[in-house]
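Structure first, then comments.
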Amino acid sequence: MTIAASESTRALAERALSVRRGLIAAIHHAGSGHPGGSLSATDLLVWLWENLYREAPPNAADGGEQFVLSKGHACAALYAVGAEFGLIERAELLRFRKLGSPLQGHTHVVDLPWTGASTGSLGQGFSVAIGKALALRHRCLPGAVTVILGDGELQEGEIWEGAMFAAHHGLDRLCAIVDYNKMQSDDRNENICGLEPLPEKWRAFGWHVTEIDGHDLDAIGEAIRAARAHEGAPSAIVAHTLKGKGVSFMEGSPLWHGSVALSADETGRALRDLGAGEDEIAAWLAGSVPA
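Written out as structure tokens, the structure reads:
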């Protein structure tokens, strides 16, 4: 598949900032959410939507591009991307986690088919993605599958069963991107259950592996293009990211994994760090969509 050229890196980075502001506002009005891992995954999601899913949302029943956010607790980022690219109204972000809203605390595929899978229990989204890749092959349909995994999620045995299965079947239209921010709920990964040497683990299971800076939009594009070109084995991209990326008091701290409530003061500080002007901040805090 030929991946279309993106907007300039600078323009795409501005879109990523807009998405980060939207997810912060959503979590503030919800009174709960997972900002740390949402912020770390944002650049990956924005690149995918600009380059793979802009013309047609993923997860159509007749094949084409497929996507799963296996680390479903980072759904605030995915919803904000949906708002940025016109899949939902931006005002919907203010109803995140509210009764009756389609923007649930984890993605729900019945409400939002383009999210690809209903998630919650970590590891299960990866299995859904593998099933999608196998189904594309069996049904002779076009397209490929991209799944974003959390690094704490890799401590689930289901992940490594799936990795073994996908390599055995040579599912080369499957690409797993690990949002490797080195932290999970409560602490650093290394203090809970260490993952290193992570790239070598994936290689030992028979995957084609690339390591990148997960906030470098050009590097993201190069890695995904290389994954699409690789034949005979699934691909894993180990994307080194920063928990809480873009918000000074959240960066590198497991305290902001979730579930947390952002005060008005914290929300304002976060939005300023993310380039929002005072009018935009006032609008978000008042529960309205900035002009």
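Numbering that gives the first Met the number 0 puts the first residue of the sequence shown at 0, with every later residue one more than the last. Glycine included, every Cβ here is placed at the ideal spot set by N, Cα and C. Owing to the predicted nature of the structure, the values given are computational and were not obtained by experimental measurement.
Determine whether the beta carbon atoms of G22 and A76 lie at a separation below 7 Å.
Note that residue 22 is Leu in the sequence shown here, rather than Gly. In contact: L22 and A76 (Cβ atoms closer than 7 Å).
Kindly give me the distance between the Cβ atoms of G267 and R19, rounded to whole angstroms, as I take these residues to be in contact under 8 Å.
About 14 Å separates the beta carbons of G267 and R19, which is beyond the 8 Å limit, so they are not a contact pair.
Distance between I87 and N188 (C-alpha atoms, nearest Å)
Straight-line Cα distance between these residues: approximately 34 Å.
What did DSSP end up calling S39 once you bin it into helix, strand or coil?
DSSP, reduced to helix, strand and coil, places S39 within a helical segment of the structure shown.
Specify whether the segment 133–148 and the segment 105–113 touch according to this definition: at least 3 beta carbon pairs, one from each stretch, less than 8 Å apart.
No, the segment 133–148 is not in contact with the segment 105–113.
Taking the alpha helix (DSSP H) that S17 falls in, what are its first and last residues?
Run containing S17: 8–29, per the alpha helix (DSSP H) assignment.
What does the alpha-carbon distance come out to for the pair G142 and G62?
Those two C-alpha atoms are separated by around 6 Å.
When DSSP labels each residue in this structure, what does C192 get in the three-state scheme?
Residue state, collapsed to three classes: coil.
Closer than 7 Å by C-beta to M0: which residues in its own chain qualify, once you throw out the five before and the five after it? Chain order, please.
Confidence in M0 is poor, its pLDDT being 48 and thus under 50, which makes the residue's placement unreliable; the coordinate value appears in the next sentence. Closer than 7 Å at Cβ, skipping near neighbours: A143, R227.
Indicate the three-state DSSP secondary structure (helix, strand or coil) for H137 in the structure shown.
Of the three classes helix, strand and coil, the one that applies to H137 here is helix, per DSSP.
Please name the residue, chosen from L170, E160, V259, that lies closest to D185 on a Cα-to-Cα basis.
For D185, the nearest C-alpha among the options comes from V259.
Let's see if you can read the secondary structure: which residues bound the alpha helix (DSSP H) around E210?
Bounds of any alpha helix (DSSP H) do not take in E210; it lies within the beta strand (DSSP E) bounded by 207–212.
Report buried or exposed for K131, applying the criterion of at least 16 other Cβ atoms within 10 angstroms of its Cβ.
A residue is called buried once 16 or more other Cβ atoms fall within 10 Å of its Cβ, and K131 is buried on that count.
Separation of E54 from A269, as counted between CA atoms
Going by the C-alpha atoms only, they are around 31 Å apart.
Residues bridged to Y179 by DSSP?
Under DSSP, Y179 takes part in a beta bridge, and its partners are H239.
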